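Student:
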Amino acid sequence: RREFRVMFVGMTSDRGMLERTVVKLGGVLVEDPCTCTHVVMDRIKLSAKLLTVLAREEPCVIVRTRWLEDCAAQSTWVPTASDKFQVQDAAKQKELSEAMGTPFSLNRWWDRRPPG
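UniProt numbering numbers the first residue of the sequence shown as 1 and each following residue consecutively.
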């Protein structure tokens, strides 16, 4: 059985229900970007946590809060492969691309996601 180690990044919405869902389904809430298996965010926010996740060698799933909302509704971990869970923020990705001088897209890390 796969362990779900969930970290939140750049959240503007209330995390209470989402955190309860993680715990109820047997997952673990973590703050260390080196140990998480899933990053949940409602928007792209450049932070030390996100940069650490993006720099890691091992894959990490990056999903929208909707994933946990669907998990709560179904009372189980739902597969993350659906595009509806992918973080979409074209304006922020453009801003980061300009700042980095190279194209930036979370799709690069999305494609490395492990199953589940």
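All C-beta atoms in this analysis are idealised placements derived from N, C-alpha and C, irrespective of residue type, glycine included. Remember, it's a predicted structure, so these values are computed and weren't measured experimentally.
Trp67 and Val78 - do their beta-carbons sit closer together than 8 Å?
Tutor: Cβ atoms of Val78 and Trp67: closer than 8 Å.
Student: Counting pairs of Cβ atoms below 8 Å between the segment 56 to 67 and the segment 25 to 42, do you hit three or more?
Tutor: Contact between the segment 56 to 67 and the segment 25 to 42 is present, because at least three Cβ pairs lie under 8 Å.
Student: For Val87, tell me which candidate among Leu29, Val23, Thr35, Arg43 has the shortest Cα-Cα distance.
Tutor: The shortest Cα separation from Val87 among Leu29, Val23, Thr35, Arg43 belongs to Arg43.
Student: Taking the alpha carbon of Lys84 as the reference point, which residue from Glu98, Glu69, Gln93, Leu50 has its own alpha carbon closest?
Tutor: Ranking the options by Cα distance to Lys84, first place goes to Glu69.
Student: Nearest-angstrom Cα distance between Val9 and Ala55?
Tutor: Their backbone Cα atoms lie some 15 Å apart in a straight line.
Student: Express the C-alpha separation of Thr76 and Arg20 in angstroms, rounding to a whole number.
Tutor: Each residue's Cα considered, the two are about 13 Å apart.
Student: For Lys92, which residues from the same chain have a beta carbon less than 6 Å from its beta carbon, with the 5 sequence-adjacent residues on both sides left out?
Tutor: These residues qualify, in order along the chain: Ile44.
Student: Go to Arg66, then tell me how far its alpha helix (DSSP H) extends in each direction, as first and last residue.
Tutor: Unbroken alpha helix (DSSP H) run through Arg66: 65 to 74.
Student: Per DSSP, what kind of secondary structure is Phe8 in: helix, strand or coil?
Tutor: Strand at Phe8.
Student: If contacts are defined as beta-carbon pairs under 8 Å, then Leu96 and Leu46 qualify, I think. What distance do you get, rounded to the angstrom?
Tutor: Contact flag correct, Cβ pair sits at about 7 Å.
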